[in-house]
Amino acid sequence: DAKTTQPTSMDCAEGRAANLPCNHSTISGNEYVYWYRQIHSQGPQYIIHGLKNNETNEMASLIITEDRKSSTLILPHATLRDTAVYYCIGYFAGNMLTFGGGTRLMVKP
Amino acid sequence: DAGITQSPRYKITETGRQVTLMCHQTWSHSYMFWYRQDLGHGLRLIYYSAAADITDKGEVPDGYVVSRSKTENFPLTLESATRSQTSVYFCASSELGQGANEQYFGPGTRLTVT
């Protein structure tokens, strides 16, 4: 699985878009990008995943660069409840997820 | 209630004791997983199961035993607990498919070994 690199922490103002970057320069052609988040003391929660195309669901948008070496998770209107650790994971079908250190997002009023 | 549940939510035990953590899911997902999360760190996979009676080791299996006699249950046993096994344990389930690995996590069991 590709090694992913994320900033350790980020701040975002409530109501603004939160843009969380992830570098995965060694990602393979059939390797997916998955995003999970973990709110304090809770189990991780699946957010979104993608392969090549940008993806959007009710929680977030995922923008993957054309060369697939990086991606950005976008929370369009961050709320205080979005304060969490966000994990970017490179995933091969059939393998297991490997959670790294993630980005600690602090949404501030 | 539908979903994935873990019990107990909190457990304090002594070194050398056997402890079993329970995990139950109501979705009939094929795959189930056990992770541990040490304070301030990411999750590490202990064991996983692809179906009833099929289990496999993850990244940190030593000191743990699992079984899966029924699809919905996946208990994790610490045969002789050690202080290094003090951690938060998360169970998860999933229906793995082509590119699909959306895992649904339980609330966690906070285990302290004294």
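Sequences listed follow chains A and B, in order.
When the letters of the first sequence are read in order and numbered with the numbering used here, they come out as residues 206 to 314.
When the letters of the second sequence are read in order and numbered with the numbering used here, they come out as residues 32 to 145.
Glycine included, each C-beta is placed from N, C-alpha and C at the ideal position.
Quick test of your reading: residue i and residue j, contact by CB under 8 Å. State the CB separation rounded to the nearest angstrom.
i: glycine 79 (chain B); j: methionine 63 (chain B); result: The residue asked about is misnamed: residue 79 (chain B) is tyrosine in this sequence, not glycine. Yes, tyrosine 79 (chain B) and methionine 63 (chain B) are in contact; Cβ-Cβ is about 7 Å, under 8 Å.
i: leucine 302 (chain A); j: leucine 225 (chain A); result: Not a contact, Cβ separation roughly 18 Å.
i: cysteine 217 (chain A); j: alanine 283 (chain A); result: 5 Å
i: glutamine 68 (chain B); j: valine 119 (chain B); result: 5 Å
i: glutamine 247 (chain A); j: proline 138 (chain B); result: 7 Å
i: threonine 268 (chain A); j: lysine 257 (chain A); result: What sits at residue 268 (chain A) in the sequence shown is isoleucine, not threonine. Not really, about 12 Å apart at Cβ, beyond 8 Å.
i: proline 106 (chain B); j: threonine 51 (chain B); result: 5 Å
i: glycine 89 (chain B); j: leucine 76 (chain B); result: 3 Å
i: arginine 309 (chain A); j: threonine 213 (chain A); result: 7 Å
i: glycine 47 (chain B); j: serine 111 (chain B); result: 5 Å
Listing by chain order, which chain B residues have their CB less than 7 Å from the CB of residue i?
i: proline 212 (chain A); result: Result: empty, since nearest Cβ-Cβ is about 15 Å, beyond 7 Å.
i: tyrosine 296 (chain A); result: Asn132
Within 8 Å of any Cβ in chain B, is that where the Cβ of residue i sits?
i: methionine 336 (chain A); result: Lying before the first or after the last residue shown, residue 336 (chain A) is absent from chain A, which here runs from 206 to 314.
i: tyrosine 239 (chain A); result: yes
i: glycine 220 (chain A); result: no
Just checking: is the beta-carbon of residue i within a distance shorter than 8 Å of some beta-carbon in chain A?
i: phenylalanine 136 (chain B); result: yes
i: glycine 73 (chain B); result: yes
i: tyrosine 79 (chain B); result: yes
i: glycine 34 (chain B); result: no
i: phenylalanine 121 (chain B); result: yes
i: glycine 139 (chain B); result: yes
What in chain A is Cβ-close to residue i, meaning under 9 Å?
i: leucine 76 (chain B); result: Met301, Leu302, Thr303 and Phe304
i: glycine 89 (chain B); result: Met301
i: glycine 47 (chain B); result: Result: empty, since nearest Cβ-Cβ is about 28 Å, beyond 9 Å.
Cβ closer than 8 Å: which chain B residues qualify as neighbours of residue i?
i: tyrosine 251 (chain A); result: Glu133, Gln134 and Tyr135
i: glycine 307 (chain A); result: Gly73
What does residue i reach in chain B if we use C-beta pairs closer than 9 Å?
i: glycine 234 (chain A); result: Correct list: empty, because the minimum Cβ distance to chain B is about 12 Å.
Sorry if obvious, but does the Cβ on residue i come closer than 7 Å to a heavy atom of the ligand NAD?
i: glutamine 37 (chain B); result: For the ligand NAD, the structure offers nothing, since it holds no ligand at all.
Within 8 Å, do at least three Cβ pairs link the region 242-258 of chain A to the region 283-298 of chain A? With three or more CB-CB distances shorter than 8 Å, the region 283-298 of chain A counts as touching the region 242-258 of chain A.
Check whether the region 220-238 of chain A and the region 112-129 of chain B are in contact - that is, three or more C-beta pairs closer than 8 Å. Counting Cβ pairs under 8 Å, fewer than three are found: no touch.
Quick check on the DSSP output: what are the complete beta strand (DSSP E) runs of length 3 or more inside the region 211-255 of chain A, in order along the chain? 214-218, 223-228, 236-243 and 250-255, all fully within the region 211-255 of chain A.
Below 8 Å, can you find three or more Cβ-Cβ pairs linking the region 75-92 of chain B to the region 44-60 of chain B? Segment contact: the region 75-92 of chain B against the region 44-60 of chain B, fewer than three CB-CB distances shorter than 8 Å; contact not assigned.
Between the region 260-275 of chain A and the region 296-311 of chain A, do at least 3 Cβ pairs fall closer than 8 Å? The region 260-275 of chain A vs the region 296-311 of chain A: no contact.
Output the residue ranges of the beta strand (DSSP E) runs that lie fully inside the region 57-126 of chain B and measure 3 residues or longer, sorted by chain position. Runs of the beta strand (DSSP E) lying entirely within the region 57-126 of chain B and spanning at least 3 residues, in chain order: 62-68, 74-82, 85-88, 95-97, 107-109 and 118-125.
Give the list of continuous beta strand (DSSP E) stretches no shorter than 3 residues that lie fully inside the region 274-303 of chain A. With a minimum length of 3 residues, the continuous beta strand (DSSP E) runs that stay inside the region 274-303 of chain A are 275-280 and 289-297.
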